[in-house]
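The structure appears below as structure tokens.
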Amino acid sequence: MVNESHVLTINCSSGANEEDFNTTSVFTEEQIRIVRTLHYYLYGIIIPVVCLFGILGNILNVVIFTRKKNKGKSDEVEYCTTICWVSLAVSDMMFCIVTFPSGFQNVRQTIFHRREFMLYYIMFSSAFISVFILSSTMLTVLTALMRYLVVCHPFRSHQLISVKATSICVVVVVLISIAFNFVSFWQYVTDDCMDEDYTKIHLSSLFSNSSFKYTQKLLWAVFGNFVPLSILLYCNLQLIRALRQSRQLRLRHSRDETSCLSAHRRINITLVTIIIFFIILVAPSEITKFIMLLNKDEGFSYVVVSLVTNTLQCINFSVNFVLYYVIIAPFRLTLHEYLRSSIRTICRMKKESRSSDRVDKEPQTEMLLFRKENHHRHPSSFS
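Here the sequence shown stands for residues 1 to 383, numbered as in UniProt numbering.
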């Protein structure tokens, strides 16, 4: 009956803000049905498929950008941007890897075997997911700031941007992401069951404290969403303006671009597109959740918005491969070259394997023919 209310407990390791709906909320039967249906389709089907695509795509991103970097055809600024994009691809790939098992999680299970994978996955996955979300966001911000300096402050950028400085910034981003989410590794605790081989999992006393949870979500909303979003918006507007001015200059002088200018223009267009996707897929849902958080509304609407948000974030961290392929021509050419090379290598290995098998079979065939010939020359006395 729709009028009847029930207690619904959902334990979803989320891809954002460690949304674990362990607090019991009173929902109607219709609301329970909607939430479980959404959870089945989003977490059980869409997120695993998106994560698999993201894992494969980000592996290719790392391979292609590394091959391009090893060819040594880029200047130092482009090389530094490539370092950021390789780091971003690794972070996005780790996010997809850690998020993928959530599609196979039984949301109502609380008792686990001590050696069961899901026990440790539920205990630590939301912390790792939050680390990779923050690192990917900050790496995107770092890349945007670098491009902003190159476009708007070219002389200063040559003083500030270097391979060493970029590498240090990437390490600092990783350390900040871990430190910011460090407390989340103690989100769950376990209690021993009567059977020593099994244990029960539940929220720690710290994360059961409503004031602590509210403060943590507020800090994440400000420093994990709104501050990066503000920086990305500002840098994006500056990059778009620079791209328009560049286009007007090219039309006015009708000159061909040098390869270096063309490469920097492609980088700017790609980054602008990445930021736009980030704003479309992440910003609206995060703003909605923030408003609900301020109103302390963690009921049905909050659960639905959080489920949708997590799916959108998975898409955001899985789609960069498509953007690189569509926008960056050298990336596309390098990918085609890599695939052709891989296919040729596989075909050559198969051919060598067949030829080695043929060589191995030839002595056996000769031996059989020799025995058959001897048999005809010297028939057995029993015949």
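For every residue, glycine included, the Cβ atom is placed at its ideal position computed from N, Cα and C.
Identified DSSP bridge partners for residue i
i           : result
residue 234 : According to DSSP, residue 234 bridges with nothing at all.
residue 203 : 188
residue 198 : 113
Residue i in three-state terms, based on DSSP
i           : result
residue 92  : helix
residue 6   : Per-residue confidence for residue 6 stands at a pLDDT of 37, beneath the threshold of 50, marking its modelled position as unreliable; no derived number is given.
residue 300 : helix
residue 22  : Per-residue confidence for residue 22 stands at a pLDDT of 44, beneath the threshold of 50, marking its modelled position as unreliable; the derived number appears in the next sentence. Note: residue 22 maps to coil in three-state DSSP.
residue 242 : helix
residue 108 : coil
residue 318 : coil
residue 209 : coil
residue 162 : coil
residue 282 : coil
residue 153 : coil
residue 80  : helix
residue 193 : coil
residue 268 : helix
residue 328 : coil
Reference residue i; option with closest CA among the options
i           : options           : result
residue 217 : 117, 202, 286     : 286
residue 45  : 277, 100, 160     : 100
residue 92  : 109, 60, 120      : 60
residue 307 : 28, 36, 27        : 36
residue 243 : 152, 289, 340     : 152
residue 147 : 344, 78, 62, 334  : 78
residue 268 : 293, 112, 236     : 236
residue 31  : 303, 98, 315, 334 : 303
residue 193 : 351, 110, 167, 62 : 110
residue 54  : 97, 245, 63, 29   : 97
residue 112 : 41, 42, 198, 186  : 198
residue 167 : 82, 95, 245, 202  : 82
Residue i and residue j closer than 8 Å at C-beta
i           : j           : result
residue 118 : residue 188 : no
residue 57  : residue 321 : yes
residue 213 : residue 207 : yes
residue 129 : residue 311 : no
residue 67  : residue 338 : yes
residue 229 : residue 283 : yes
residue 157 : residue 145 : no
residue 385 : residue 328 : Absent from the structure is residue 385, since the part of the chain shown begins at 1 and ends at 383.
residue 292 : residue 305 : yes
residue 184 : residue 126 : yes
residue 270 : residue 324 : yes
residue 331 : residue 161 : no
residue 51  : residue 314 : yes
Chain B within 8 Å of residue i, Cβ atoms only
i          : result
residue 80 : Any reference to chain B falls outside this structure, which holds one protein chain only.
- [ ] Say whether the region 137–145 touches the region 102–112, bearing in mind that this needs 3 or more beta-carbon pairs closer than 8 Å, one atom from each stretch.
- [x] no
Open item on the list: Whether or not the region 123–135 and the region 165–178 are in contact is what I'm after, with contact meaning three or more pairs of Cβ atoms, one per stretch, closer than 8 Å; do they touch?
Closed with: yes
Task: Contact the region 312–329 vs the region 269–278: 3+ CB pairs below 8 Å - done: yes
Task: Segment contact flag, the region 74–87 with the region 27–36, C-beta cutoff 8 Å, min 3 pairs - done: no
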